[in-house]
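Trainee: Using numbering that gives the first Met the number 0, the first residue of the sequence shown is number 0, and each one after it goes up by one.
All residues carry an ideal CB built from backbone N, CA and C; glycine is no exception.
Quick one: structure below, then a few questions.
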Amino acid sequence: MTIYRRNHLKPAPAWEGCAPLMYNDYMNALWADPTEEKLIPLIDAAAEAGAEGFCIDAGWFGSKDENWGTSMGDWIPSEDRFGKMGLKGIADYIKSKGMRPGFWIEFEGCCEKAALYQKPDDWFIMRHGKRVGGSRAMLDFRNPEVREFVHGIFDKMVDMGFSYVKNDYNQSTALGDDKYTESAADGLLEHIRAVYSFLDEVRERHPMLMIENCGGGGLRGDYGIASHCHFQNTSDQEIYWRYPSIFQGMLANFVPEQTTIWSYPWPLLIGDAKADLSCLCTPAYIASMADGEQTVFNMVNGCCGNMLLSGHIDYADEFNMKLIKEGASYYKYMRPFIEKSFAVFPIGHTPINRKEPRVLGLKVPSAGKMFLFVWRVDTPESCFEIDLGKYFTRIKSIKTGYPVDLGGVTFDVDQEMCKLKVYFTGNRQARVFEIDYLT
């Protein structure tokens, strides 16, 4: 299945070499409230950490006084968020730091505050004479005028220098459309096929534009959409220790290099998003991050597929920034292997609420290598034995890949029996082990 997905489902890349390591300002960071004052330090920190692109998430198109979720549809850059630089100036600044600029959009959606909402009903998905989504309606991509309008948005953003887009889907079309068909399901099928063909047109029109399907934080994640987008987001789960159970499940369905996984060290949780950012540098917060384990856990998560860096890393202390840099560098080392890897699950899948270890392997048969990810999440046991005998006949060598010098986790290995024992000293800890093996 992995070979089939890799060879037949992925669209052609819009980049040379490996896909760039992107930073996105949403998750546990700006929470859709980008401004010049908030973005510039984050852009600087992302470049320092080793990011190769920076995506401005939701909020770039609305006033400071508006909620992004009620002001989308016209996609006009904000006039009061980015100072004299303007949005294009921010994009230029990102490029000056050697990174690729990206933007967020929800191109199927339109809120009632937008001028676009005044278009006639044939612009929208309809059911029983009403717009699906109500005040947050869904555009109908069977309509050539809709396609022309949205193409204009993409053209404008690419002209401004953007070369990465994260497309979202926060209002479902599942009710279907019965404008032109007796069956709402037929109408829905026609619409989604029109969306697919529109995405193909975007890629043909802008061959260097990278497209990520966020899909409501991974809720719309199917082979159809994944066949027309370069990347598939896994989740908007903000609690880092819950996340491995989610992306493990996604890795059973998508190839690792297409599976976008958040890594958000130094997080500002959603409940604290309206607080003064100084909460991120209080003695109590700094003390909670002092051992580096939360940072490592997040970076280990991101190394399991296509890393999407986030978090308020502009506030990270020197020790944690060093761990972020090390994690980003190790991910870049892993990327060529990830593109050839197969996800394996030595102990199966662990449900999100279970106090059990999580274990994932990315096996690279052509290199005789496996990257093994092990997480301790609230388990009473501090030692886990992992049997890898069904994947190879002998372990040639094994080492801790990331982090190298932090300590806190040790291991024993039986090379002949292909068994690994991992010893943790803390509760929520994670490590990457690099294994060379004989088949």
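According to the Cβ coordinates, are residue 260 and residue 298 closer than 8 Å?
Mentor: No; because the gap between Cβ atoms is not below 8 Å, this pair is not in contact.
Trainee: Does the contact criterion of 3 or more C-beta pairs under 8 Å hold for the segment 416-436 versus the segment 383-397?
Mentor: Yes, the segment 416-436 is in contact with the segment 383-397.
Trainee: I need the DSSP call for residue 324, collapsed to helix, strand or coil.
Mentor: Correct three-state label for residue 324: helix.
Trainee: Measuring alpha carbon to alpha carbon, tell me which of 394, 403 and 430 ends up nearest residue 413.
Mentor: The shortest C-alpha separation from residue 413 is found at 394.
Trainee: Taking the alpha-carbon positions, what's the residue 336 to residue 211 distance?
Mentor: Residue 336 and residue 211: Cα-Cα distance of roughly 21 Å.
Trainee: Evaluate residue 48 with the Cβ neighbour count: other Cβ atoms within 10 Å of its Cβ, from every protein chain shown; 16 or more gives buried, anything less gives exposed.
Mentor: Answer is buried; the Cβ neighbour count reaches 16.
Trainee: Among 284, 240 and 35, which residue has its Cα nearest to the Cα of residue 350?
Mentor: Taking only the C-alpha atoms, the option nearest residue 350 is 240.
Trainee: Using the beta-carbon count (16 or more within 10 Å), is residue 317 buried or exposed?
Mentor: Answer is exposed; the Cβ neighbour count stays below 16.
Trainee: Output the boundary residues of the beta strand (DSSP E) element that contains residue 396.
Mentor: It spans 393-401 - the beta strand (DSSP E) in which residue 396 sits, taken as one unbroken run.
Trainee: Find the nearest neighbour of residue 190 within the set 408, 215, 44 and 126, judged by alpha-carbon distance.
Mentor: Here the closest residue by C-alpha is 126.
Trainee: By Cβ distance below 8 Å, which residues in the same chain neighbour residue 99 in space, the five residues on each side in sequence not counted?
Mentor: Around residue 99: 19, 21, 51, 52, 53, 93, 162, 163 and 209.
Trainee: Restricting to Cα atoms, I'd like to know which of 13, 134 and 431 is closest to residue 206.
Mentor: Out of 13, 134 and 431, 13 has the C-alpha closest to the C-alpha of residue 206.
Trainee: To which residues of the same chain is residue 482 closer than 6 Å at the C-beta, ignoring the five residues directly before and after it?
Mentor: Shown here, the chain extends from 0 to 438; a query on residue 482 therefore has no answer.
Trainee: Taking only the alpha-carbon atoms, compute the straight-line gap between residue 293 and residue 188 and give it to the nearest angstrom.
Mentor: For residue 293 and residue 188, the distance between alpha carbons rounds to 43 Å.
Trainee: Among residues of its own chain, excluding the 5 on either side of residue 183, which ones have a beta-carbon nearer than 8 Å to its beta-carbon?
Mentor: Answer for residue 183: 126, 174, 175, 176 and 177, listed in chain order.
Trainee: For residue 314, which residues from the same chain have a beta carbon less than 8 Å from its beta carbon, with the 5 sequence-adjacent residues on both sides left out?
Mentor: For residue 314, where only same-chain residues beyond five positions count, the Cβ hits under 8 Å are 265, 276, 279 and 280.
Trainee: Looking only at DSSP bridge pairs, what is residue 53 linked to?
Mentor: According to DSSP, residue 53 bridges with 22 and 100.
Trainee: With burial defined as no fewer than 16 other Cβ atoms inside 10 Å of the residue's Cβ, what is the status of residue 139: buried or exposed?
Mentor: Counting Cβ neighbours within 10 Å, residue 139 comes out buried, since at least 16 surround it.
Trainee: For the segment 24-38 against the segment 358-377, do three or more pairs of beta-carbon atoms, one drawn from each stretch, fall closer than 8 Å, so that the two count as touching?
Mentor: The segment 24-38, when compared against the segment 358-377, does not touch it at the 8 Å Cβ threshold.
Trainee: In angstroms with no decimal places, state the Cα-to-Cα distance between residue 5 and residue 194.
Mentor: Each residue's Cα considered, the two are about 22 Å apart.
Trainee: Quick one: residues in its chain with C-beta nearer than 7 Å to the C-beta of residue 319, no 5 flanking neighbours on either side, listed in chain order?
Mentor: Cβ neighbours of residue 319 beyond the five flanking positions: 264, 265, 288, 291 and 294.
Trainee: Rounded to the nearest angstrom, what separates residue 123 and residue 224 at their Cα positions?
Mentor: Going by the C-alpha atoms only, they are around 20 Å apart.
Trainee: Could you name the residues of the same chain whose beta carbon sits closer than 7 Å to that of residue 8, not counting the 5 residues immediately before and after it, in chain order?
Mentor: Contacts found: 222, 225 and 226.
Trainee: Mind checking whether residue 430 and residue 399 have CB atoms under 8 Å apart?
Mentor: Their beta carbons are under 8 Å apart, which means residue 430 touches residue 399 by this criterion.
Trainee: Specify the secondary structure class of residue 262 as computed by DSSP and reduced to three states.
Mentor: Three-state DSSP puts residue 262 in a strand.
Trainee: So, does the segment 79-91 touch the segment 103-115, judging by three or more C-beta pairs under 8 Å?
Mentor: With a cut-off of 8 Å, the segment 103-115 and the segment 79-91 do not count as touching, because too few Cβ pairs lie within range.
Trainee: Given this structure, state the Cα-to-Cα distance separating residue 68 from residue 78, to the nearest angstrom.
Mentor: If you take the alpha carbons of residue 68 and residue 78, they lie about 17 Å apart.
Trainee: Indicate the three-state DSSP secondary structure (helix, strand or coil) for residue 0 in the structure shown.
Mentor: Of the three classes helix, strand and coil, the one that applies to residue 0 here is coil, per DSSP.
Trainee: So what's residue 438 in DSSP terms, helix, strand or just coil?
Mentor: Three-state DSSP puts residue 438 in coil, outside helix and strand.
Trainee: Quick one: what does DSSP say residue 83 is sitting in, helix, strand or coil?
Mentor: The answer is coil: DSSP assigns residue 83 none of H, G, I, E or B.
Trainee: For residue 63 and residue 101, what's the separation of their Cα atoms in angstroms?
Mentor: About 20 Å.
Trainee: How many Å lie between residue 167 and residue 411 at the Cα?
Mentor: The straight-line gap from Cα to Cα measures roughly 44 Å.
Trainee: Find the nearest neighbour of residue 306 within the set 23, 2 and 10, judged by alpha-carbon distance.
Mentor: With distances taken between Cα atoms, residue 306 lies closest to 23.
Trainee: Taking the C-alpha atoms as reference points, what is the distance between residue 352 and residue 70?
Mentor: Rounded to the nearest angstrom, the two C-alpha atoms are 36 Å apart.
Trainee: Pick out whichever of 373, 303 and 311 has its Cα sitting closest to the Cα of residue 284.
Mentor: It is 311.
Trainee: So residue 241 is in the alpha helix (DSSP H); what residue range does that whole segment cover?
Mentor: Taken as a continuous stretch (DSSP letters only), residue 241 belongs to no alpha helix (DSSP H), as it is neither H nor E.
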